[in-house]
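Written out below as structure tokens is the structure these notes cover.
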Amino acid sequence: MDPRADVTVDLAEAADAAVLTRLQIAFGDEFDSPEPPFEALLPRFRRFLADPAAFALLAKDAGEVVGYAVVALRPAIYNEGGRVATLDELYVRPSRRSRGIGALLLDRAVQESRARDAGEMHINVDSPDVDARRFYERHGFRNSLPGTDDPVLWYFAEWDAG
Numbered sequence: 001m002d003p004r005a006d007v008t009v010d011l012a013e014a015a016d017a018a019v020l021t022r023l024q025i026a027f028g029d030e031f032d033s034p035e036p037p038f039e040a041l042l043p044r045f046r047r048f049l050a051d052p053a054a055f056a057l058l059a060k061d062a063g064e065v066v067g068y069a070v071v072a073l074r075p076a077i078y079n080e081g082g083r084v085a086t087l088d089e090l091y092v093r094p095s096r097r098s099r100g101i102g103a104l105l106l107d108r109a110v111q112e113s114r115a116r117d118a119g120e121m122h123i124n125v126d127s128p129d130v131d132a133r134r135f136y137e138r139h140g141f142r143n144s145l146p147g148t149d150d151p152v153l154w155y156f157a158e159w160d161a162g
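Below you can see the structure in the form of structure tokens.
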């Protein structure tokens, strides 16, 4: 029997902000990357879910939430679709991994992004996270631009909003 037979992947709604917040905190805890406390993160998810240029997905196995994906879209001038999707998060609970749930989430994220006119998707992966890198590469993603083997680099800066 297909281990994904009872798995559904649906668009998250405003009412799902709390469950997404708990999953994000579990994700951070697992990878020793502390997240803000629930009370601080919850309003961020509420804002995110209210933004028409963003969406989240929830994976459920027989009704139990087992994973999620978070995608933001932005305008772009360098592809036919006119938008770029960024997969900000994709997480499956450890006890449910290696069952194809991550692939279902990624496939749905790509499908939703394409339906919203995204011509490409960007994913930032920590260099030491070999498992995640292999996962995305198995699904057709690469860390170089088409026609070159030069690695794509990602730069980061942070400041207070306002």
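Going by UniProt numbering, the residue at position 30 of the sequence shown is 30; the numbering climbs one at a time, nothing skipped. We treat Cβ as the ideally placed atom computed from N, Cα and C, and that holds for glycine. It should be emphasised that the depicted structure is a prediction, and the values quoted were computed from it without experimental measurement.
From the options, residue whose alpha carbon lies closest to that of residue i
| i | options | result |
| --- | --- | --- |
| residue 57 | 139, 129, 71, 133 | 71 |
| residue 39 | 52, 25, 31, 51 | 25 |
| residue 61 | 155, 95, 84 | 95 |
| residue 30 | 92, 98, 158 | 92 |
| residue 89 | 98, 100, 68 | 68 |
| residue 127 | 77, 151, 22 | 151 |
| residue 125 | 146, 156, 104 | 156 |
| residue 14 | 100, 46, 35 | 46 |
Coil, strand or helix - residue i by DSSP
| i | result |
| --- | --- |
| residue 77 | coil |
| residue 94 | helix |
| residue 84 | strand |
Which residues DSSP lists as bridging residue i, in chain order
| i | result |
| --- | --- |
| residue 70 | 56, 89 |
| residue 61 | 7, 64 |
| residue 120 | 84 |
| residue 144 | 151 |
Where residue i falls, given that 16 or more other Cβ within 10 Å makes a residue buried
| i | result |
| --- | --- |
| residue 153 | exposed |
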